[in-house]
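Colleague: Chains A and B supply the protein sequences, listed in that same order. According to our numbering, the first sequence is numbered sequentially starting from 224. According to our numbering, the second sequence is numbered sequentially starting from 146.
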Amino acid sequence: MINELVLLAAALVPRPPSLVPVQDTTQGKIVYGKWCAGCHGDGGAGDGPAARYMLPRPRDFTLALYKIRTTASGQLPTDPDIERAIDEGLPGTAMPEWKTRLSDRERRDVLAYLKTFSAYFADTSQRPTPLQFGSAPGGGKGAEALRIGRQFFDSIACHKCHGNQGRGDGPSAPTLKDDAGFPIFAADLSQSWLFRGGGTVEDIYRRLRTGVDGTPMPSFSDLIDQRLITDEELWRLAQYVRSLSPERAPAVRDVIHAAQRDAPLPGSPTDSAWNGLERYWVPLVGQVIRKPRWFAPAVTGVWVQAAHDGRSLVLRVSWDDRSQSPDSAWLEHTARMLETMADDDTAAPAPAPPLLPDQIAVQFPLAIPEGMERPYFLMGSGTQPVYQWRWTSGSAGGAVTGLARGLERFDPLPRASLTGQAVYDQGAWHVMFTRLLATADDSTQLQFRTGRAIPVAFFAWDGSNGERGARMAVSTWYFLSLDAPTPPRVFISPVLAMVITLGLGWSVVRRAQRRARGDGD
Amino acid sequence: MRTLGMAVTLVAGGVALGIAGWRSSADGAQAGATISGTIKFTGTRPVMAKIDMSDEPVCKGKYQTAPTKEDVVVNANGTLDNVFVYVKAGLPATYRAAAAPTPVVLDQDGCRYLPHVLGIMVGQSLQIKNSDGIAHNIKAKGVKNRPFNISQPTNMTTTRTFSAAEVMVGLECSVHGWMKSWVGVLPHTFFAVSGNSGTFAIKGLPPGTYTIEAWHERYGAQTATVTVAGTQTKTADFTFAAR
Chain A
224 MINELVLLAA ALVPRPPSLV PVQDTTQGKI VYGKWCAGCH GDGGAGDGPA
274 ARYMLPRPRD FTLALYKIRT TASGQLPTDP DIERAIDEGL PGTAMPEWKT
324 RLSDRERRDV LAYLKTFSAY FADTSQRPTP LQFGSAPGGG KGAEALRIGR
374 QFFDSIACHK CHGNQGRGDG PSAPTLKDDA GFPIFAADLS QSWLFRGGGT
424 VEDIYRRLRT GVDGTPMPSF SDLIDQRLIT DEELWRLAQY VRSLSPERAP
474 AVRDVIHAAQ RDAPLPGSPT DSAWNGLERY WVPLVGQVIR KPRWFAPAVT
524 GVWVQAAHDG RSLVLRVSWD DRSQSPDSAW LEHTARMLET MADDDTAAPA
574 PAPPLLPDQI AVQFPLAIPE GMERPYFLMG SGTQPVYQWR WTSGSAGGAV
624 TGLARGLERF DPLPRASLTG QAVYDQGAWH VMFTRLLATA DDSTQLQFRT
674 GRAIPVAFFA WDGSNGERGA RMAVSTWYFL SLDAPTPPRV FISPVLAMVI
724 TLGLGWSVVR RAQRRARGDG D
Chain B
146 MRTLGMAVTL VAGGVALGIA GWRSSADGAQ AGATISGTIK FTGTRPVMAK
196 IDMSDEPVCK GKYQTAPTKE DVVVNANGTL DNVFVYVKAG LPATYRAAAA
246 PTPVVLDQDG CRYLPHVLGI MVGQSLQIKN SDGIAHNIKA KGVKNRPFNI
296 SQPTNMTTTR TFSAAEVMVG LECSVHGWMK SWVGVLPHTF FAVSGNSGTF
346 AIKGLPPGTY TIEAWHERYG AQTATVTVAG TQTKTADFTF AAR
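#1: Pull up the distance between the alpha-carbon of A530/A and that of T673/A, whole angstroms please.
#2: Give the secondary structure of A619/A by DSSP, where H, G and I count as helix, E and B as strand, and everything else as coil.
#3: Along the region 261-276 of chain A, where does the CB come closer than 9 Å to a CB of chain B? Name the residues.
#4: Would you decide whether N222/B is buried or exposed? Buried here means 16 or more other CB atoms lie within 10 Å of its CB.
#5: Which of the three DSSP states, helix, strand or coil, is assigned to I591/A?
#6: Using a Cβ-Cβ distance under 9 Å, would G166/B count as near chain A?
#7: Label P279/A either buried or exposed according to how many other C-beta atoms from any shown protein chain fall within 10 Å of its C-beta, with 16 as the threshold for buried.
#8: Given a cut-off of 9 Å on the beta-carbon distance, is the pair M266/B and A245/B in contact?
#9: Three-state secondary structure (DSSP) at A345/A?
#10: Roughly how many angstroms separate the alpha carbons of G271/A and F284/A, rounded to a whole number?
#11: Can you give me the C-alpha to C-alpha distance between R275/A and Q388/A, rounded to a whole angstrom?
#12: In chain A, what lies closer than 7 Å to M198/B by C-beta?
#13: Considering only residues of the same chain and omitting the five flanking positions on each side of A754/A, which have a CB-CB separation below 6 Å?
#14: Give me the subset of the region 267-286 of chain B whose CB atoms are less than 8 Å from a CB atom of chain A, sorted by chain position.
#15: Tell me which same chain residues have a C-beta within less than 6 Å of the C-beta of R432/A, skipping the five on either side of it?
#16: Which class does R305/B belong to by DSSP, given the choice of helix, strand or coil?
#17: Buried or exposed for R419/A, please, with buried defined as at least 16 other CB atoms from any protein chain shown within 10 angstroms of its CB.
#18: Apart from the five residues just before and just after K338/A, which ones in its own chain have a Cβ nearer than 6 Å to its Cβ?
#19: Check the DSSP bridge columns for G357/A and list the partner residues they point to.
#20: For I379/A, return the contacting residues in chain B, with the cut-off set at a CB-CB distance below 9 Å.
#21: Extract the residue ranges of the alpha helix (DSSP H) inside the region 251-328 of chain A, only unbroken runs of 4 or more that lie entirely within it.
#22: For the beta strand (DSSP E) containing A202/B, list its first residue and its last residue.
#23: With a threshold of 8 Å, are at least 3 pairs of Cβ atoms found where one atom belongs to the region 360-368 of chain B and the other to the region 268-281 of chain B?
#24: For the ligand GDP, is there any heavy atom lying closer than 8 Å to the beta carbon of G404/A?
#25: Check whether chain D comes within 9 Å of T306/B, counting only Cβ atoms and requiring the distance to be less than that.
#26: Specify the secondary structure class of E367/A as computed by DSSP and reduced to three states.
#27: Alpha carbon to alpha carbon, what distance is there between T356/B and Y208/B?
#28: Please state whether the Cβ-Cβ distance between K383/A and G391/A is less than 9 Å.
#29: What whole-angstrom Cβ distance do D581/A and G686/A have, given they're in contact under 8 Å?
#30: Taking all protein chains shown into account, do 16 or more other C-beta atoms lie within 10 angstroms of the C-beta of T249/A, making it buried, or fewer, making it exposed?
#31: At the level of alpha carbons, what is the spacing between L242/A and W258/A?
#32: Below 8 Å on the Cβ atoms is my contact criterion, and I expect P360/A with E455/A to pass it. Report the Cβ-Cβ distance as a whole number of Å.
#33: Would you say I180/B and F385/B are within 9 Å of each other, going by their C-beta atoms?
#34: By Cβ distance below 6 Å, which residues in the same chain neighbour D252/B in space, the five residues on each side in sequence not counted?
#35: In the structure shown, what three-state DSSP assignment does R373/A receive?
#36: Identify, in the order they occur along the chain, each residue of the same chain with its Cβ nearer than 8 Å to the Cβ of R450/A, setting aside the five sequence neighbours on each side.
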C-alpha cells in the first residue's frame, strides 16, 4: 500500500525537463544576434560589419557550405561537425572557441538557429552521414611510414599547391581562390597549429577524405573507392604531412638567447651551424593600429636564432613565405588581395598591382634601456626613434641600418656596420644579419653588451601579398640576451664543494672507525 | 459567365490530357516540333589569351600551337560557339521525362575540359574522365546542387549526378586555373549547345509556347518566345554583341 502511494506520488510530481537536447531556434537567434552577427551578418550570409576585415571571410550560412566536416565532399555537415567548429573555433582564422564563452544550452541553440539560414538542412533527402574513417596505422613516425607518405604526397600531387616541402608555395598556389572569389592560400603544412580543422594525424586524414568544401582542396575518397590508393597509404600520407610540423605548436618565449660561441660563428644563412642553435618563435600579427591597416598578413611569425663570439653578433630570421617576391606570377593574387582587403580609408587599388619585394626589419632601441621604458614598438616616434636593420629582397646592398621615427620616416645610417645575407629555399626565407657588438658610432647605433636584456622587435612584409609600408606584420617587443662567457668559478665551485664534502665525510668515517677500534681494544 | 469559365476549364483539361502522353525518349526524338537557329556574333572578336602550359609538358605536348582561353570562341563563319540553348519555360506541367540512360562524358584532355559547355538531365550520370594522367581536381560550384570537389591525380573516371535543375553549374580545376566547364542541368532533354557551326536544334517538342534561353558565359542570357505545333520547325536566332 505504501509502495503504491509512493509510486502514485512519483507519477504526480512534475518530471524534470527531458534530457534529450531540445534545440530552441528562438533562443538561438538571440545568442546569434549578440555574438555571431557582427561577423556572420544578420541574415547569416557572412557579411557582418566586421567581415570585410577578415580573410578568410566568415562562413556564409545561407550556402550551407562547410569546410570542416566528417561527411563526403558536397554533403552537409553533421551537427557534431558544426558543434566542433563552434566549440573549438577555427585556428588561423578570426573564429574563436566558444566553449568557454557560451553555455551548453546557448551553443546548442545557436547551432540550431544557424541551420535555419539554409533550406538544405530542412531537406530530408540531404541527411548527412559521416564517412567511416577507421584509425591510424601504428609506426606513423617511422622512416618507412614517412617514406610511403612522401611517395603519395608526390603521386597525388600535393606539391602542386602546397609546394615541395609543404610550405604552400606550389606552382598553382598563386592562382587559388575560394568559391566566393576571395584569394586563398594553400595551407602551410609546416604550421599544423594553424590548420583550420585541427593539426592531428586524424584531422589531416579527415581533410584528405572529405576535402575542404568551398576551397580548392579536393576530396581523395574516390581514390580509395576505386582502389587506386589504400586506406593505409592515405593514413601514411596524413602521418607524413603531420611530420612536416613541430611536435607541438611553438611556445612563445620572451627572451631570445644569443649563445656565446668559441667556434666560428655561422658564416651563411644556410650554414649547418645554425642547426645546433636554439630557435625562438616570434608570432606576428597584422598592423591594425595605424591606417592603412592590414588584416591579412601573410607572415604568421618568424623563427629567430642568434649567436655571438664576444666581437660580432649573428642573428638569423627565418620565415615561411609562399613567394620569392618580386614575382610576376603572383601579380593577380596581389591585385585580388588588395581589392579584398581594401581598407576603409584607402583609395581603390591601382589597376596595375605593384610588383613589390619581401622585407624584414629587426628593431632595437638606440641604447640598452636602464629601466623598463622602451620606445614605441611600432617603429618609434619623432622624439624617440628606434634603431633598425632592414633587408629587402632583390636589392643589391643586402641590409641597411637606420633610424625609424614612426611609420613614415626611416633615415638610413651611412656607416655600413651591418651585413645581410639571404637565401630563399622551398618557400622559406633565411636572412642572416652580422654586426660588430661595438661600433665606432655609438650615438645612433646600439652597442650590444652581454648579460643585458636588449629589447628587440620584428616586422615582415610579403610583397606578393600586396604588403608594403604600414601594410605589414608586426611583433611586440621581445628581449635579446647575449649570453655572457661563463666565469671559471662556475665550473670550479661544484668540484670544490664535492671535494670538501667527500673529505669531510671521509674524516668523519675515519674518526668513527678509529673510535670503534679503540673501544674494542 | 459561368458557362465561359466551364468551357475554359474543359478546354484546358482537354489540352492537358492531350499532352499528358508526351514523354521524352530516344526514338521519339523525331516526333514533335523542332526549334532551331543560329547564334550570331557582332562586333570585334575579343582576343583570347594564350594558356601557358609549360608546367604541364604532358598537356603542352598535345598542341601544335599554344591553346587559348575559351571564354569567347567565335567560329570561322562569324557565329558563336559554346552557347547553351534550352527550354526555360513552357513545357506542360504534366510533362515528365525519364532520366536519359546513357551517361554524359566530360573529358579532361590536354588540360582542357571537353566539351567546354554541356547539358545534362537531373539524375543523369556525368562521367568525368581524366585522359591526361596528371593531377586534376574537379570542383563543381553549384548553388541549387550541392557543390563538390574531387581529386583525380591519375587516369581515372569518376561519376557524379546532379539533383536539381540549374543553369549553369560551373566546373573548374584548381590546379590549372584556366580549366573551366559549364554544365546546364535540366529536368528534360530540350537543350543544345552551339558548336563550331554556331547552330542549334531542339527536337521532339510537344506543341506549345516556349521560352527559349540562350546562355553564354561572358555575354549572359537572352530569351525568345516561340510557339510550335505538330512537327513544325521554327527558327529562333540569337545575336550576341561584343563588349
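Glycine included, every Cβ here is placed at the ideal spot set by N, Cα and C. This structure is a prediction, so every number in the text was calculated from the model and none was measured.
Modeller: Short version:
#1: For the purposes of this step, residue 530/A is identified with residue 307 of the first sequence, where counting begins at 1. For the purposes of this step, residue 673/A is identified with residue 450 of the first sequence, where counting begins at 1. Roughly 11 Å between the two C-alpha positions.
#2: Looking up residue 619/A in the first sequence gives position 396. Looking at A619/A - three-state DSSP - the assignment turns out to be coil, as it is neither helix nor strand.
#3: Listed by position, the residues of the region 261-276 of chain A near chain B (Cβ gap below 9 Å) amount to none.
#4: Numbered from 1 along the second sequence, position 77 holds the residue referred to as residue 222/B. Label assigned to N222/B: exposed.
#5: Within the first sequence, residue 591/A is the residue found at index 368, counting from 1. Residue state, collapsed to three classes: coil.
#6: Within the second sequence, the letter at position 21 stands for residue 166/B. Its pLDDT being 43, under 50, G166/B is placed unreliably in this model, and the coordinates cannot settle the point.
#7: In the first sequence, the residue the question calls residue 279/A occupies position 56. With 16 or more Cβ atoms within 10 Å of its Cβ, P279/A is classed as buried.
#8: If you number the second sequence from 1, residue 266/B lands on position 121. If you number the second sequence from 1, residue 245/B lands on position 100. Closer than 9 Å, so yes.
#9: Reading the first sequence from its first residue, position 122 is the one you call residue 345/A. In the structure shown, A345/A sits in a helix (DSSP, three-state: H, G or I).
#10: As a working note, residue 271/A is residue 48 in the first sequence. As a working note, residue 284/A is residue 61 in the first sequence. Annotation: G271/A to F284/A spans about 12 Å, alpha carbon to alpha carbon.
#11: Taking the first residue of the first sequence as 1, we reach residue 275/A at position 52. Taking the first residue of the first sequence as 1, we reach residue 388/A at position 165. About 32 Å.
#12: On the second sequence, position 53 is the one that residue 198/B refers to. Result: empty, since nearest Cβ-Cβ is about 12 Å, beyond 7 Å.
#13: Lying before the first or after the last residue shown, residue 754/A is absent from chain A, which here runs from 224 to 744.
#14: Sequence-ordered contacts of the region 267-286 of chain B with chain A read I279, A280, N282, I283, K284, A285 and K286 [C-beta pairs closer than 8 Å].
#15: Taking the first sequence and counting its residues from 1, one reaches residue 432/A at position 209. Around R432/A: L354 and S444.
#16: The residue you call residue 305/B lines up with position 160 of the second sequence. In the structure shown, R305/B sits in a strand (DSSP, three-state: E or B).
#17: Locating residue 419/A in the first sequence gives position 196, counting from the first residue. It is buried - the Cβ of R419/A has at least 16 other Cβ atoms within 10 Å.
#18: By 1-based counting over the first sequence, the position of residue 338/A is 115. Here the set comprises F344.
#19: The sequence position of residue 357/A within the first sequence is 134, counting from 1. The partner list for G357/A (beta bridge, DSSP) is empty, contrary to what the question assumes.
#20: Residue 379/A sits at position 156 when you count from the first residue of the first sequence. Per Cβ cutoff of 9 Å: A280, S296, P298 and T299.
#21: Listed in chain order, the complete alpha helix (DSSP H) runs (minimum 4 residues) inside the region 251-328 of chain A are 260-263 and 302-311.
#22: Position 57 of the second sequence holds residue 202/B. Here residue 202/B turns out to be Pro, not Ala, going by the sequence shown. Looking at the DSSP string, P202/B is not in any beta strand (DSSP E); the run it does join, the alpha helix (DSSP H), is P202 to K205.
#23: Segment contact: the region 360-368 of chain B against the region 268-281 of chain B, fewer than three CB-CB distances shorter than 8 Å; contact not assigned.
#24: Ligands displayed in this structure: none; no statement on the ligand GDP is therefore possible.
#25: In the structure shown, chain D cannot be found, because the protein chains are A and B.
#26: In the first sequence, residue 367/A corresponds to position 144, counting from 1. The answer is helix: DSSP assigns E367/A an H, G or I state.
#27: Indexing the second sequence from 1 puts residue 208/B at position 63. Indexing the second sequence from 1 puts residue 356/B at position 211. Take the alpha-carbon of Y208/B and the one of T356/B: they are about 40 Å apart.
#28: Start at 1 with the first residue of the first sequence, and residue 383/A comes out as number 160. Start at 1 with the first residue of the first sequence, and residue 391/A comes out as number 168. No. Outside cutoff.
#29: By 1-based counting over the first sequence, the position of residue 581/A is 358. By 1-based counting over the first sequence, the position of residue 686/A is 463. That pair is a contact at about 5 Å.
#30: Residue numbering aside, residue 249/A sits at position 26 when the first sequence is read from its first letter. That one is exposed.
#31: By 1-based counting over the first sequence, the position of residue 242/A is 19. By 1-based counting over the first sequence, the position of residue 258/A is 35. Only weak support exists for where L242/A lies, its pLDDT of 44 falling under 50; the value from the coordinates is given anyway. C-alpha of L242/A to C-alpha of W258/A: approximately 26 Å in a straight line.
#32: Your numbering for residue 360/A matches position 137 in the first sequence. Your numbering for residue 455/A matches position 232 in the first sequence. With 8 Å as the limit, P360/A and E455/A qualify as a contact, their Cβ atoms being about 5 Å apart.
#33: Against the second sequence, residue 180/B aligns to sequence position 35. Against the second sequence, residue 385/B aligns to sequence position 240. Not a contact, by the Cβ cut-off of 9 Å.
#34: The count along the second sequence starts at 1 and reaches residue 252/B at position 107. Its chain contains L259, K274 and S276 as the residues whose beta carbon lies nearer than 6 Å to that of D252/B, once the 5 sequence neighbours on both sides are disregarded; these appear in chain order.
#35: One-based indexing of the first sequence puts residue 373/A at position 150. The answer is helix: DSSP assigns R373/A an H, G or I state.
#36: On the first sequence, position 227 is the one that residue 450/A refers to. So no residue of the chain qualifies.
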